[in-house]
Every structure is written in C-alpha cells, then in structure tokens.
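Taking the working numbering, the leading residue of the sequence shown gets 561, the next gets one more, and so forth.
Note that CB positions come from ideal geometry on N, CA and C, so glycine has one too.
Please read all numbers here as calculations on a predicted model, not as lab measurements.
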Amino acid sequence: MKKIMTFVVLVGLLVLCATSVFASAVYFDYMPSGTAEGSGSGGSSSPDCSDYQVGVVVPVEKFQFGLEYNSTDIDYSTGMQYTGWKIMGGYQCFKTDQFELFTDLSYLDWKAKAKGTTVIQYSPLLIGIACKYRMNDQMFINGSVDCATSDFIIVQDSAAYPADYTAVQVKYSYFFTKGFAASLGYKWSELNYEGKFYGESVTKGFTLGASYNF
C-alpha cells in the first residue's frame, strides 16, 4: 500500500508540473542511512533511520508555491514510521544574479505510527527562510530553515502538549542538462514536546537526490 501511495503522489506532482504555465521543478531526496536520537518518558535511544521526500515547486513572479510528501522510518522495535504532507508558500524578498532569498510560510500535517497505530499527531504552521546560491550555470547551493509557531502535539490519543519543531536542510546540486540535476545534501530536524509523554527527537543524515526543471 505504501508503494502504491508513493506512486500516486509522484504521478500527481509530475502532472501538476507539466500542466503549469510557469517554470516548475519536481524533486526527490533520499536519506539512506541517518540517525534518530531520542530521549524522554520512554527512555533514550539512537536507532538508525531512513527518509525520503518528494515534492514540487511552482514559481509565480516573486512568489513560489510547493507541495511535499515526506516519510521517515526509524528502527525502533515498534517499527516507527513518520509521514507528513507540507504545503508551502514563499515570497522573494531579495535577488541578485547569483543569490535569491525567500521568506516562507508552510502548513505541516504530520503523523507517527507504531505497528500500524497512530501514536503522534502534529499539524503546526511553519515560518522560515530559503535561499539559493548560483555558483555557475551548472552548480547551485540551496538551503532552508523552518520553525514551528506555537502548536500542540497529540500523543497516544491523550491530551495535547506544547511542542517545538525545527528543520534545516542544505543541498548542493549539479545540472547535467538544462533540466536534470543530481544533488548531495544534509538534513537535520528536532522535535520537542512536554507533558505526560514528554520527549525529544533529533533526526539527521546525508541525502542523495535528483530534480528536474520544466
């Protein structure tokens, strides 16, 4: 079922890009061997994790809009899986021939499941910045930082607890053709929440990816 859903998402994003009258980009990033450092009411651990995200970005003059799907598998004994959708909107506040800076506002719909049962739900608004540096016609560096505004996390269908979330990503891309690029990057995220089931979780690792500009 997971593979079918991933295929449907990929096809939908490609159709969205292909039918847009604006220059668009679709991308895929994969973290094959990351780490997840966790501590809290359930103890401490540092299991391995893997992660992938697929998304599309559509620029419209000084604005850009995006949709992203993310899935993270953590090697706990319970088989923890995190999945989420993110809807993004950004405004270009600064631009030169080599550098672009955007301010972003996003909505994240995020869930964690263990043995098929939802144990965590989180749906914050995110504010952040994103930038792009053009080294030459073939090499680019992208970076982004997102932080959650005040929101609450629901743990094991219990009460809602205050939570903080921060995500950072840096990516180097090399264009082999005008449209196709391969990338190497690094991503880091941290989630903290308080209450009866308090906890802290950090995931991090290097990513490999590919993108296509329409």
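>> So within the region 647-698, which uninterrupted beta strand (DSSP E) runs reach at least 3 residues, ignoring any that extend past its ends?
In response: Listed in chain order, they are 659-674, 677-682 and 685-694.
> Excluding the five sequence neighbours on either side, which residues of its own chain have a C-beta within less than 7 Å of the C-beta of E754, listed in chain order?
Replying inline: Within its own chain, the residues whose Cβ lies closer than 7 Å to the Cβ of E754, once the five positions on either side in sequence are excluded, are Y721 and P722, listed in chain order.
> Which term fits Q658, buried or exposed, when burial requires 16 or more other beta carbons within 10 angstroms of its beta carbon?
Replying inline: Classification of Q658: exposed, given that the 10 Å Cβ count is below 16.
> DSSP beta-bridge partners for A767?
Replying inline: Ala is not the amino acid found at residue 767; the sequence shown has Thr there. DSSP, once it has assigned bridges, lists G745 as partnering T767.
>> Going by beta-carbon coordinates alone, are M648 and A672 separated by less than 8 Å?
In response: Contact flag unset, no.
> What number of angstroms, rounded off, separates the C-alpha of E597 from the C-alpha of G765?
Replying inline: Taking the CA atoms as reference points, E597 sits about 11 Å from G765.
> Who are the near neighbours of I713 in its chain, counting only those whose CB is closer than 6 Å to its CB and skipping five residues on each side?
Replying inline: Cβ neighbours of I713 beyond the five flanking positions: Y682, Y721, A723 and Y753.
> Can you tell me where the beta strand (DSSP E) with S631 in it begins and where it stops?
Replying inline: Bounds of the beta strand (DSSP E) holding S631 are F623 to I634.
> How far does the beta strand (DSSP E) with G615 in it reach, from first residue to last?
Replying inline: Residue range D608 to V620 is occupied by the beta strand (DSSP E) that includes G615.
>> Taking the beta carbon of Q698 as the centre, do at least 16 other beta carbons fall within 10 Å, making it buried, or is it exposed?
In response: Q698 is classed as exposed because its beta carbon has fewer than 16 other beta carbons within 10 Å across all chains shown.
> What separation, rounded to the nearest whole angstrom, lies between the Cα atoms of G600 and F735?
Replying inline: Interpretation of G600 is limited by its pLDDT of 49, a score under 50 that renders its predicted location unreliable; the figure taken from the coordinates is listed afterwards. Distance between the alpha carbons of G600 and F735: 43 Å.
> Over what stretch of residues does the beta strand (DSSP E) that includes T726 continue unbroken?
Replying inline: In the DSSP assignment, T726 falls within the unbroken beta strand (DSSP E) covering A720 to F735.
>> Once DSSP output is grouped into helix, strand and coil, what is the label at G703?
In response: Shown here, G703 sits in a strand according to DSSP, grouped into three states.
> What residue from S771, L661, W748 and I689 has the CA that sits closest to C609's CA?
Replying inline: For the residues S771, L661, W748 and I689, the minimum Cα distance to C609 belongs to W748.
> So is Y651 buried or exposed if we call it buried at 16+ other beta carbons inside 10 Å?
Replying inline: Looking at its Cβ environment, which holds fewer than 16 other Cβ atoms inside 10 Å, Y651 is exposed.
> Can you tell me where the beta strand (DSSP E) with F712 in it begins and where it stops?
Replying inline: Judged by DSSP secondary structure, F712 falls within the beta strand (DSSP E) whose first and last residues are D711 to V715.
> Can you tell me whether DSSP reads E754 as helix, strand or coil?
Replying inline: Looking at E754 - three-state DSSP - the assignment turns out to be coil, as it is neither helix nor strand.
> So, Y746 versus I701, is the Cβ gap smaller than 8 Å?
Replying inline: Between Y746 and I701, the C-beta spacing is not below 8 Å.
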